[in-house]
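Beneath this line is the structure, given in structure tokens, with notes to follow.
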Amino acid sequence: NILPRLRRPRPDAFAHVPVQLVIPTRDAFLSPYLYDKVGDWTPRGLRRRAVPAKHWLPRSRPELLAGWIADFVADREELGEGED
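Residue numbers (my numbering): 315 to 398.
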């Protein structure tokens, strides 16, 4: 399902919230290059984090991932984002 969207992305395919992208660099299924253009679809900001891990990063490094998520949320709250 991902290939058709990569070939012809929707013109309105934007993330309307800040995005943190965690890239496992040793993923045998999803190349890190797959994420090169993600910044084009994240006008409210993109934070990239790369980690030398395989496809199942949430299972192999849950503490690291949880810490990055907590930091990202705290940073957004500090900037006043998420308040409508």
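Just so you know, even glycine gets a beta-carbon here, dropped at the ideal spot from N, CA and C.
query: List the DSSP bridge partners of ILE337.; result: ALA364
query: Return the residue from the list ARG390, PRO372 and ARG324 that minimises the CA-CA distance to ARG358.; result: ARG390
query: My assumption, with CB atoms under 8 angstroms, is that ARG322 sits in contact with LYS368. Please give the rounded CB distance.; result: Their Cβ separation, rounded to whole angstroms, is 30 angstroms, which puts ARG322 and LYS368 out of contact at 8 angstroms.
query: Quick check on the DSSP output: the alpha helix (DSSP H) that includes VAL331 runs from which residue to which?; result: Here VAL331 belongs to no alpha helix (DSSP H), and DSSP marks it neither H nor E.
query: Should VAL336 go down as buried or exposed, given a rule of 16 or more other Cβ atoms within 10 Å for buried?; result: buried
query: Applying the 10 Å Cβ sphere with the 16-neighbour rule, what's the burial state of PRO338?; result: buried
query: Nearest to ARG362 by alpha carbon, out of THR356, GLN334 and ALA384?; result: GLN334
query: In terms of residues, what are the limits of the alpha helix (DSSP H) holding ALA327?; result: Taken as a continuous stretch (DSSP letters only), ALA327 belongs to no alpha helix (DSSP H), as it is neither H nor E.
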